[in-house]
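As structure tokens, the structure follows; a few thoughts come after it.
There are 2 protein chains.
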Amino acid sequence: MTSTVYAPHDHHTCITAALANAKNLCESRGARLTPVRKRVLELVWQNHKPTGAYELLPQLAQDGFNSAPPTVYRALDFLLELGLIHRISSLNAFIGCAHPGQDHTTGFFICRLCGNALELSPERMQDVNTRLAEELGIIIEEQTIELSGLCPSCQHSTAAANGANA
Amino acid sequence: MTSTVYAPHDHHTCITAALANAKNLCESRGARLTPVRKRVLELVWQNHKPTGAYELLPQLAQDGFNSAPPTVYRALDFLLELGLIHRISSLNAFIGCAHPGQDHTTGFFICRLCGNALELSPERMQDVNTRLAEELGIIIEEQTIELSGLCPSCQHSTAAANGANA
DNA sequence: CGTAGAATTGCTACATTATAACCTAAGGTT
DNA sequence: AACCTTAGGTTATAATGTAGCAATTCTACG
């Protein structure tokens, strides 16, 4: 899936898969995927662009949910805790996790033009980590790796402010 | 210098060097290192821990400077622009650049215990970048690489909430 | 000089992002 | 039902960052 973020794809399958993953994970952990939490997850997965918490408020309101900041942040915290979404610090935004369930290190590449974020594979990140940890004698517990620039699609279409997918 | 962040060192030389670097860089660019800017740089270099913008306000006030947020942010922006400091997104904080003058990619390791941040060497970061860019076909323009965990010192002294240097 | 233009700073207000605190409601267990 | 735990509602506020405009300082050039 990670390799298709910058190419046309049936995004509906991304959403469906994300919800199925969430359901499974919650069941196995005895956590409750309540309506608000489920809806927030869907909204975060609307596309592959990082979404700000305050963008979600009106969308939740439209669906008849309560839409005060704490509601959204609590749902986001829940999803973060379970590893169903990630936070992109450099953008103060959130994005669906492409590898839920696995305990993994995270890294993102965010295209400056289309805004779509590609989650780098855990293996790749683990590689980088291991090398750094060994060379520097450090123990890495958390990481924020956020690269930005131009994705393969946008390198060829400079007008593509809205990229290859929905 | 980067290798001594987590070891005892005469931090005064860090500050002196940073100011000298700033002076040179400003002269060569025709930029003005005004009193506020210089003071903000000094304050950021007080230690190797990332500093929040709002922490600087009272310190500037104490020195008789204006201390409204725009003043600090403008000074910080100026220093960022010149590459004299970096911003740590995951902490909303700023830290002196260990490799000023060079056009370089940045990465940090921040110790969870002592809070000191080690700027990873440009060469190392360039390595990582080149590999990722080649493998993924992306063009990396900016990056936020922020690792946190335990530095070599703190791995051995769990009580060391205040690390090896000032 | 001295004055025009640019850069810098002062200042007020406000935008954005996030959390505290406290109460109510819902669900799960015995 | 009685209880307890978890989740959500609500209000207020904290923390971080910017917009916009007036006042000042610097610089360059005649």
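Chains as they are written, first to last, in the working numbering: chain A, 397 to 562; chain B, 397 to 562.
Note that beta-carbon positions come from the ideal geometry of N, C-alpha and C, so glycine has one too.
When burial is assigned at 16 or more other CB atoms within 10 Å of the CB, is B/A560 buried or exposed?
-> Residue placement at B/A560 cannot be trusted, given a pLDDT of 38 that sits under 50; what the coordinates show is reported in the next sentence. B/A560 should be labelled buried.
Chain B residues whose Cβ lies nearer than 9 Å to that of A/I534 = Y402, F505, C507, L514, L543, G545, L546, C547, P548, Q551
Can you tell me whether DSSP reads B/H495 as helix, strand or coil?
-> coil
What number of angstroms, rounded off, separates the C-alpha of A/A413 from the C-alpha of A/H495?
-> 11 Å
Verify whether the separation of the beta carbon atoms of B/R508 and B/G448 is less than 8 Å.
-> no
Thinking C-beta only, is A/L543 closer than 8 Å to A/F504?
-> yes
Would DSSP call A/H408 helix, strand or coil?
-> helix
Exposure label - A/S424; buried when at least 16 CB within 10 Å | exposed
What are the boundary residues of the beta strand (DSSP E) that includes A/R483?
-> 481-484
Is any beta-carbon of chain A found at less than 8 Å from that of B/V524?
-> yes
Are the C-beta of B/E530 and some C-beta of chain A separated by less than 8 Å?
-> no
What do you reckon, are the CB atoms on A/L439 and A/L480 nearer than 8 Å?
-> no
Which residues mark the beginning and the end of the alpha helix (DSSP H) in which A/C507 is found?
-> Element bounds for A/C507: not the alpha helix (DSSP H) but the beta strand (DSSP E), 504-507.
Count the C-beta pairs between the region 523-533 of chain B and the region 467-474 of chain B that are closer than 8 Å, then say yes if the count reaches three, no if not.
-> no
Which residue or residues does DSSP assign as beta-bridge partners of B/G460?
-> Partner(s): none; B/G460 has no beta bridge.
Classify A/Q442 as helix, strand or coil using the three-state DSSP reduction.
-> coil
Please list the partners that B/T502 has in chain A, where partner means a Cβ-to-Cβ separation under 9 Å.
-> Under the 9 Å cutoff, chain A gives no residues; its nearest Cβ is about 11 Å from B/T502.
Specify the secondary structure class of A/S517 as computed by DSSP and reduced to three states.
-> coil
Which residue or residues does DSSP assign as beta-bridge partners of A/I534?
-> DSSP lists no partner for A/I534.
Taking Cβ positions, are A/L421 and A/G492 nearer each other than 8 Å?
-> no
Within the same chain, show all residues whose beta-carbon is closer than 6 Å to that of B/P446, passing over the 5 residues directly before and after it, in chain order.
-> I484, L487, A489, I491, A513
Using the Cα positions of B/N558 and B/Q551, report the straight-line distance between them to the nearest angstrom.
-> Confidence at B/N558 is low in this model, with a pLDDT of 39, below 50, so its placement is unreliable and the value that follows should be read with caution. Taking the straight line from one Cα to the other gives about 13 Å.
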